[in-house]
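S.K.: Quick note, the sequence shown lines up with residues 3 to 189 if you use the numbering used here. Sharing a structure here in structure tokens format.
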Amino acid sequence: MGCFASKNADSKASRLSRWRATGISFPDEVLELDKSVRTLDLTHNKLVDVPEEISKLINMQRLLLLLNVSHNKLKSLPESTGSCFSLEELQANENSIEELPTSVCSLIHLKSLCLDHNNLKQIPPSLLKDCKALQNISLHGNPISMDQFQQMEGFQEFEDRRKKKFDKQIDSNVMISSKGLDEGVDL
3 MGCFASKNAD SKASRLSRWR ATGISFPDEV LELDKSVRTL DLTHNKLVDV
53 PEEISKLINM QRLLLLLNVS HNKLKSLPES TGSCFSLEEL QANENSIEEL
103 PTSVCSLIHL KSLCLDHNNL KQIPPSLLKD CKALQNISLH GNPISMDQFQ
153 QMEGFQEFED RRKKKFDKQI DSNVMISSKG LDEGVDL
């Protein structure tokens, strides 16, 4: 199974015709990039699921560092997202995502997870504990409370990593946004 195998049961032909109707296609040249793709930006494409054709990029599991699927119409991310084991940043803002696959907990190199303005009521319970490199999580505009977030297993370790990152920035005289140390969850 490749990096992105859609969990939807509809046929490949049905998905292809739906993508074509919205102007989405993947030229063969894109599929030949599998030896060099580090960043995949699929923003603003009206995607309702992640195209299965991307799974042909065999080396993407090993090489992909940043995946951005923001500003689409996704209700979920495929379970196979977790097989992109080198992924450091996942951006899926401004979609309709209702839940994250538990496989994201296996992304041990994930440093930043941005899921603003979706429909997430919770995130996988072991995410903060298992993603030991995670330093930034942004869940603004989701129905997740700060109390719920702070009660998650691994929250204190995540908080320590996050503070350590900000301490390094302050020690290096790096400017912090006017919001200060953003908690990543709307109160």
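Just so you know, even glycine gets a beta-carbon here, dropped at the ideal spot from N, CA and C.
1) Is it a yes or a no for the region 71–83 touching the region 123–137, going by three-plus beta-carbon pairs under 8 Å?
2) Give the straight-line distance between the Cα atoms of residue 114 and residue 139, rounded to the nearest whole angstrom.
3) If you draw a straight line from the C-alpha of residue 126 to the C-alpha of residue 153, how long is it?
4) Using a Cβ-Cβ cutoff of less than 6 Å, which residues in the same chain neighbour residue 68 once the five nearest sequence positions on both sides are dropped?
5) Do you know how far the Cα of residue 104 is from the Cα of residue 94?
6) How big is the Cα-Cα spacing for residue 148 and residue 167?
7) Against chain B, with Cβ distances strictly below 8 Å, would residue 77 count as a contact?
8) Straight-line CA distance for residue 63 to residue 108?
9) Could you pull the start and end residues of the alpha helix (DSSP H) that residue 149 belongs to?
10) Ignore the nearest five residues each way along the sequence and tell me which others in residue 128's own chain have a CB closer than 6 Å to its CB.
11) Give every residue of the same chain whose Cβ lies closer than 6 Å to the Cβ of residue 131, excluding the five residues on either side of it in the sequence, and list them in chain order.
12) Locate the beta strand (DSSP E) running through residue 93, then write down its first and last residues.
13) Tell me which residues share the same chain as residue 98 and place their Cβ nearer than 8 Å to its Cβ, disregarding the 5 neighbours each side in the sequence.
14) Going along the chain, which residues of its own chain have a beta-carbon closer than 7 Å to the beta-carbon of residue 117, five neighbours each way excluded?
15) At which residues does the alpha helix (DSSP H) containing residue 132 begin and terminate?
M.R.: With the structure as the only source:
1) No contact exists between the region 71–83 and the region 123–137.
2) Between residue 114 and residue 139, the C-alpha separation is close to 6 Å.
3) Spanning the two alpha carbons is a distance of roughly 13 Å.
4) Same-chain partners within the cutoff: 41 and 91.
5) Computed Cα separation, rounded: 16 Å.
6) Answer to the nearest angstrom: the Cα atoms are 20 Å apart.
7) Although the question refers to chain B, the structure presented lacks it and comprises just one protein chain.
8) In a straight line, the C-alpha of residue 63 is about 13 Å away from that of residue 108.
9) Where residue 149 is concerned, the enclosing alpha helix (DSSP H) starts and stops at 148–152.
10) Excluding sequence neighbours, residue 128 sits near 107.
11) Contacts found: 155 and 156.
12) Element bounds for residue 93: 91–93.
13) For residue 98, where only same-chain residues beyond five positions count, the Cβ hits under 8 Å are 75, 76, 77, 120 and 121.
14) These residues qualify, in order along the chain: 94, 95, 99, 140, 141 and 144.
15) For residue 132, the uninterrupted alpha helix (DSSP H) segment begins and ends at 129–132.
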